[in-house]
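Visitor: Just dropping this structure here.
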DNA sequence: CGATATATTCTGTCTATCGGTATATGCTCT
DNA sequence: AGAGCATATACCGATAGACAGAATATATCG
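Chains as they are written, first to last, in the numbering used here: chain Y, 1 to 107; chain P, 108 to 214.
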């Protein structure tokens, strides 16, 4: 799973949000480091819906603008949880090895 | 940065290794979940050399087979450290939100 | 003798993301 | 009034990194 997809799922993990809300949320989560392209976001949402990880929650019209809310499915939540664990394992390994490097190698 | 690239840098973080060693190390780091394709590995190594994150350490011939050892540069180590922090931030956010979900949403 | 492990190289294909554009409304600033 | 930005979704071509698999070659194991 790539970073933008991971962040979209993360944005939807706690509660339903519409596309543009996810966009701002991802920027907040990443401290402004990741700014999703519109194409990336909506393509990801469509793809994740097709895969059953995300589903449409509801649609609202606010100030003549459509807002389509998405939510994480149970499958999606399980997949995100697994991905978190996977990433934690990898980052831990990287940290340990970078530490070893500082100490002069594995030796 | 995508997962295979991250794992290649991680494999080289503590000490120099040759391509095939990286291959096995990545499998170990990921508990067998990630098995790099040969094409992915050597293409990544070439690319990372060109970018200055990795460099050739030395070459050996063991049992008539070439072993080209690579090591992480200071630039590469800094980049990997930054990537670790970035990923930790993201996984923390995901964990928190998944927890909130379990508690019934952001409310 | 076939299969597996070691070790690198190459080629074609795929796909998520990038970068940009289009559409449309409402708000703020000058 | 007009420029520009925020909101909100949609579409399109290009790219980069990864996937899948084959080629090459030696050594070892059963």
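Glycine included, each C-beta is placed from N, C-alpha and C at the ideal position.
(1) Suppose contacts are defined by Cβ-Cβ distances below 8 Å. Is residue 101 of chain Y in contact with residue 118 of chain P by that definition?
(2) Taking residue 99 of chain Y as the reference, give the member of P:121, P:155 and P:175 with the closest Cα.
(3) Fully enclosed by the segment 62-89 of chain Y, which alpha helix (DSSP H) runs are 4 residues long or longer?
(4) Report the rounded CA-to-CA distance for residue 16 of chain Y versus residue 182 of chain P, giving the unit in angstroms.
(5) On the DSSP bridge assignment, give the partners of residue 167 of chain P in chain order.
(6) Alpha carbons only, please: which of P:113, P:125 and P:115 is nearest the one belonging to residue 168 of chain P?
(7) Residue 57 of chain Y versus chain P: which residues are under 7 Å apart at the beta carbon?
(8) DSSP beta-bridge partners for residue 124 of chain P?
(9) With DSSP run on the structure shown, which of helix, strand or coil describes residue 95 of chain Y?
(10) Can you list the residues of chain P that residue 10 of chain Y reaches, using a CB-CB cut of under 8 Å?
(11) Please tell me whether residue 64 of chain Y has its Cβ less than 8 Å away from any Cβ of chain P.
(12) Give me the Cα-Cα distance between residue 135 of chain P and residue 58 of chain Y, rounded to the nearest whole angstrom.
(13) Measure from the C-beta of residue 155 of chain P to each C-beta in chain Y and report whether the shortest distance is under 8 Å.
(14) So if I threshold CB-CB distances at 8 Å, which residues from the segment 12-32 of chain Y count as touching chain P?
(15) Thinking C-alpha only, which one of Y:83, Y:84 and Y:71 is nearest residue 21 of chain Y?
(16) Have a look at residue 196 of chain P and residue 30 of chain Y and give me their C-alpha separation to the nearest angstrom.
(17) Using a Cβ-Cβ cut-off of 8 Å, state whether residue 125 of chain Y counts as contacting chain P.
(18) Short of 6 Å in beta carbon distance, which residues of its chain neighbour residue 1 of chain Y, apart from the five on each side in sequence? Order them along the chain.
Guide: Short version:
(1) no
(2) P:121
(3) none
(4) 40 Å
(5) P:174
(6) P:125
(7) Chain-order list of chain P residues neighbouring residue 57 of chain Y: empty, with the shortest C-beta distance near 11 Å, by a criterion of under 7 Å.
(8) P:177
(9) helix
(10) Within 8 Å Cβ-Cβ: 197, 200, 201 and 204.
(11) no
(12) 44 Å
(13) no
(14) 13, 14, 15, 29, 30 and 31
(15) Y:71
(16) 7 Å
(17) Shown here, chain Y extends from 1 to 107; a query on residue 125 of chain Y therefore has no answer.
(18) 83
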